[in-house]
Amino acid sequence: MSAKVLRLLFFISSTILLFACKPERLSVIKLNGKQGCINKRGHIIIPAEWDYVCLSPIRYRLIPVEKDSMYGYITRKGTIAIPLRYSDANNFQEGLAAVMIGKKYGFINTKGQTVIPFLYDDIFDGFSNGLCDFQIKDSCGYINHKGEVVIPAQYRICYPFMSRYGQVMTFDHESKLIDKTGKTYAYEEIGESYRLWRPRNSYPGSFEDSNGRGRKNQAGKIIVPAIYLTTCNLREGMYVVEDKNRKCGAYNEKGEMVISPKFDFLNSFYEGKAVFKLDGKWGYVDRKGRIVIAAQFDEAYDFHHGRAYVEIDGKVGFIDRKGRLKIKPIFEPCYWSGFW
Numbered sequence: 020m021s022a023k024v025l026r027l028l029f030f031i032s033s034t035i036l037l038f039a040c041k042p043e044r045l046s047v048i049k050l051n052g053k054q055g056c057i058n059k060r061g062h063i064i065i066p067a068e069w070d071y072v073c074l075s076p077i078r079y080r081l082i083p084v085e086k087d088s089m090y091g092y093i094t095r096k097g098t099i100a101i102p103l104r105y106s107d108a109n110n111f112q113e114g115l116a117a118v119m120i121g122k123k124y125g126f127i128n129t130k131g132q133t134v135i136p137f138l139y140d141d142i143f144d145g146f147s148n149g150l151c152d153f154q155i156k157d158s159c160g161y162i163n164h165k166g167e168v169v170i171p172a173q174y175r176i177c178y179p180f181m182s183r184y185g186q187v188m189t190f191d192h193e194s195k196l197i198d199k200t201g202k203t204y205a206y207e208e209i210g211e212s213y214r215l216w217r218p219r220n221s222y223p224g225s226f227e228d229s230n231g232r233g234r235k236n237q238a239g240k241i242i243v244p245a246i247y248l249t250t251c252n253l254r255e256g257m258y259v260v261e262d263k264n265r266k267c268g269a270y271n272e273k274g275e276m277v278i279s280p281k282f283d284f285l286n287s288f289y290e291g292k293a294v295f296k297l298d299g300k301w302g303y304v305d306r307k308g309r310i311v312i313a314a315q316f317d318e319a320y321d322f323h324h325g326r327a328y329v330e331i332d333g334k335v336g337f338i339d340r341k342g343r344l345k346i347k348p349i350f351e352p353c354y355w356s357g358f359w
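Going by this note's numbering, the first residue of the sequence shown is number 20, and it counts up by one from there.
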């Protein structure tokens, strides 16, 4: 067999293995008051037998579930991986998950073994970049994977380390950046180049004058004139706005009004489309302002990985990007479901 054929076979087998290892996208659904999960073809993968299924966009291999006020973990095929024995359970991050027994949090590994004792009153999120926040009484700090205190509990709020820096708030309500040694910095010392849990400016470019609110780009050029009640952050090249008549439209990055304010509601753009409400019904508009899926649904949400949640006559189904019902509306409302 030639080397060329061998390389081709290796590439094909590696590709198959890569996709075989990639978890299938699922969405939470509800039937008879219980939650489960379906795949993008509408097949029930996890039976609807849980009070709550905590499906995450990050597609963790173990999913927290709740039944009768107890939490445990199942696989993405629906088999129980860690028995329901906790009073709370969070997603696994960096191989560990924060769980609660009684009123204290500790950490387990994917085998369900306790690796960090149940000592903490609260955990804000979980491990990120090697550290996790913890709270004891009113103060918070950070621990490492061994449960060793790296930054003592001395702050009012501790946010996850999304990069080299985390964010903390002191008891004087002063926000600071913090590195992994516990040294704190003013925002001006670090600049804007690092990813943070809470951006210093949650509404970049937003400004206001006596006429209303508007937006500027990074160069300081006015893109959206200050005549609106609200302006949303830039997403997929579009700023959604709401005028003083409570009608919604959108501008592009060039400052051109692409969608005149005519909708009763308009969300930000996802996968090239934004969900809108008009005369009590929901549909979708594209970035050129064209209505691409007519307003026909009783409720509708954003597209995620080619599917969008819609409600028809009190039942939930999913459409594709062309507006075709790919999963029939047979489920009960379960808001913010999406394929992850």
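We put the CB at the ideal spot given by N, CA and C, even for glycine.
Note that the structure is predicted; figures quoted are calculated from it, not measured.
Paired residues, beta bridge with residue 228 - DSSP:
On the sequence shown, residue 228 is found 209 positions in, with the first residue counted as 1. Secondary-structure assignment with DSSP links residue 228 through a beta bridge to 231.
First through last residue of the alpha helix (DSSP H) which encompasses residue 206
As a first step, residue 206 must be located in the sequence shown, where it is residue number 187. In the DSSP assignment, residue 206 falls within the unbroken alpha helix (DSSP H) covering 206-209.
For residue 293, which three-state DSSP category applies?
Residue mapping note: residue 293 aligns to position 274 of the sequence shown, counting from 1. In the displayed model, residue 293 falls within a strand according to three-state DSSP.
Other residues of its chain near residue 127: CB distance less than 8 Å, five sequence neighbours each side excluded
As a first step, residue 127 must be located in the sequence shown, where it is residue number 108. So the list reads 101, 115, 116, 118, 133, 134, once near-sequence residues are dropped.
Cβ-based burial, residue 221 [other Cβ within 10 Å; buried from 16]
Here the question's residue 221 lines up with position 202 in the sequence shown. Around the beta carbon of residue 221, fewer than 16 other beta carbons lie within 10 angstroms, which makes this residue exposed.
Looking only at DSSP bridge pairs, what is residue 56 linked to?
The residue given as residue 56 occupies position 37 in the sequence shown. According to DSSP, residue 56 bridges with 47, 65.
Distance between residue 76 and residue 330 (C-alpha atoms, nearest Å)
For the purposes of this step, residue 330 is taken as the residue at position 311 of the sequence shown. For the purposes of this step, residue 76 is taken as the residue at position 57 of the sequence shown. Rounded to the nearest angstrom, the two C-alpha atoms are 22 Å apart.
So within the stretch 90-139, which uninterrupted beta strand (DSSP E) runs reach at least 3 residues, ignoring any that extend past its ends?
Counting whole runs of 3 or more residues, the stretch 90-139 contains the beta strand (DSSP E) stretches 99-105, 116-120, 123-127, 133-139.
Helix, strand or coil for residue 21? Go by DSSP, reduced to three states.
Here residue 21 refers to the residue found at position 2 of the sequence shown. Low per-residue confidence applies at residue 21: pLDDT is 45, beneath 50, and the placement is therefore not dependable enough to give any value.
Exposure label - residue 250; buried when at least 16 CB within 10 Å
Within the sequence shown, the letter at position 231 stands for residue 250. Buried, since its Cβ has 16 or more Cβ neighbours within 10 Å.
Any chance the stretch 273-287 sits against the stretch 236-255, with 3 or more Cβ pairs inside 8 Å?
By the C-beta criterion, the stretch 273-287 is judged to be in contact with the stretch 236-255, since at least 3 inter-stretch pairs fall below 8 Å.
I'd like to know if the stretch 301-315 and the stretch 49-66 are in contact, where contact means that at least 3 CB-CB pairs between them fall below 8 Å.
Counting Cβ pairs under 8 Å, fewer than three are found: no touch.
Those residues which DSSP pairs with residue 269 across a bridge
In the sequence shown, residue 269 corresponds to position 250, counting from 1. BP columns for residue 269 point to 259, 278.
Pop quiz: residue 316 and residue 302 are said to be a contact at Cβ under 8 Å. What is the actual Cβ separation, rounded to whole angstroms?
What you label residue 316 is simply residue 297 of the sequence shown in a count that begins at 1. What you label residue 302 is simply residue 283 of the sequence shown in a count that begins at 1. Rounded to whole angstroms, the Cβ separation of residue 316 and residue 302 is 7 Å, and the two are in contact under 8 Å.
What first and last residue would you give for the beta strand (DSSP E) that runs through residue 142?
Walking along the sequence shown from the start, residue 142 turns up at place 123. If you look at residue 142, you'll find it isn't in any beta strand (DSSP E); DSSP assigns it neither H nor E.
Rounding to the nearest angstrom, what Cα-Cα distance links residue 121 and residue 87 in this structure?
Start at 1 with the first residue of the sequence shown, and residue 121 comes out as number 102. Start at 1 with the first residue of the sequence shown, and residue 87 comes out as number 68. Residue 121 and residue 87: Cα-Cα distance of roughly 15 Å.
Taking all protein chains shown into account, decide if residue 152 is buried (16 or more other Cβ within 10 angstroms of its Cβ) or exposed.
Here residue 152 refers to the residue found at position 133 of the sequence shown. Residue 152 is buried by the Cβ-count criterion.
Work out the CA separation of residue 146 and residue 187 for me, nearest whole Å.
In the sequence shown, residue 187 corresponds to position 168, counting from 1. In the sequence shown, residue 146 corresponds to position 127, counting from 1. Spanning the alpha carbons of residue 187 and residue 146 requires a straight line of approximately 16 Å.
Leaving aside the five residues before and after residue 228 along the sequence, list all residues of the same chain whose C-beta is less than 7 Å from its C-beta, in chain order.
Locating residue 228 in the sequence shown gives position 209, where the first residue counts as 1. Correct list, in chain order: 245.
Span of the beta strand (DSSP E) holding residue 326?
In the sequence shown, counting from the first residue as 1, residue 326 sits at position 307. Per DSSP, residue 326 belongs to the beta strand (DSSP E) from 326-331.
Tell me which residues share the same chain as residue 348 and place their Cβ nearer than 8 Å to its Cβ, disregarding the 5 neighbours each side in the sequence.
Translated into the one-based positions of the sequence shown, residue 348 becomes position 329. Excluding sequence neighbours, residue 348 sits near 329, 330, 331, 332, 334, 335, 336.
N- and C-terminal bounds of the beta strand (DSSP E) containing residue 159:
Along the sequence shown, one-based indexing puts residue 159 at 140. That run of the beta strand (DSSP E) goes 158-162.
Can you tell me whether residue 352 is buried or exposed, with buried defined as 16 or more other CB within 10 angstroms of its CB?
Position 333 of the sequence shown holds residue 352. By the 10 Å Cβ count, residue 352 comes out exposed.
Inter-stretch contact at 8 Å, needing at least 3 Cβ pairs: the stretch 64-83 / the stretch 93-112:
Using a C-beta cut-off of 8 Å, the stretch 64-83 makes contact with the stretch 93-112, since at least three inter-stretch Cβ pairs fall below that distance.
Where does residue 185 land, buried or exposed, given buried means 16+ other C-beta within 10 angstroms?
Within the sequence shown, the letter at position 166 stands for residue 185. It counts as buried.
Among the residues of its own chain, which have a CB less than 6 Å from the CB of residue 278, if the five just before and after it don't count?
Along the sequence shown, one-based indexing puts residue 278 at 259. Hits under 6 Å: 268, 269, 308.
Contact defined as beta carbons within less than 8 Å: I believe residue 419 pairs with residue 105. What is the distance between those atoms, to the nearest angstrom?
Beyond the ends of the chain as shown, which are 20 and 359, falls residue 419; an answer cannot be given.
Which one of 53, 231, 310, 154 has the shortest CA to CA distance from residue 174?
Here residue 174 refers to the residue found at position 155 when the sequence shown is read from its first residue. With distances taken between Cα atoms, residue 174 lies closest to 154.
Three-state class that DSSP yields for residue 284 in the structure shown:
As a working note, residue 284 is residue 265 in the sequence shown. Residue 284 carries a strand assignment under DSSP once its states are collapsed to helix, strand and coil.
I'd like to know whether the C-beta atoms of residue 256 and residue 271 end up nearer to each other than 8 Å.
Indexing the sequence shown from 1 puts residue 256 at position 237. Indexing the sequence shown from 1 puts residue 271 at position 252. For residue 256 and residue 271, yes; Cβs fall inside 8 Å.
Between the Cα of residue 179 and those of 166, 199, 191, 124, spot the shortest distance and give me the residue it belongs to.
Taking the first residue of the sequence shown as position 1, residue 179 is located at position 160. Looking at 166, 199, 191, 124, the one whose alpha-carbon comes closest to that of residue 179 is 199.
For residue 142, which of 124, 149, 203 has the nearest alpha-carbon?
Against the sequence shown, residue 142 aligns to sequence position 123. Closest option to residue 142, Cα to Cα, is 124.
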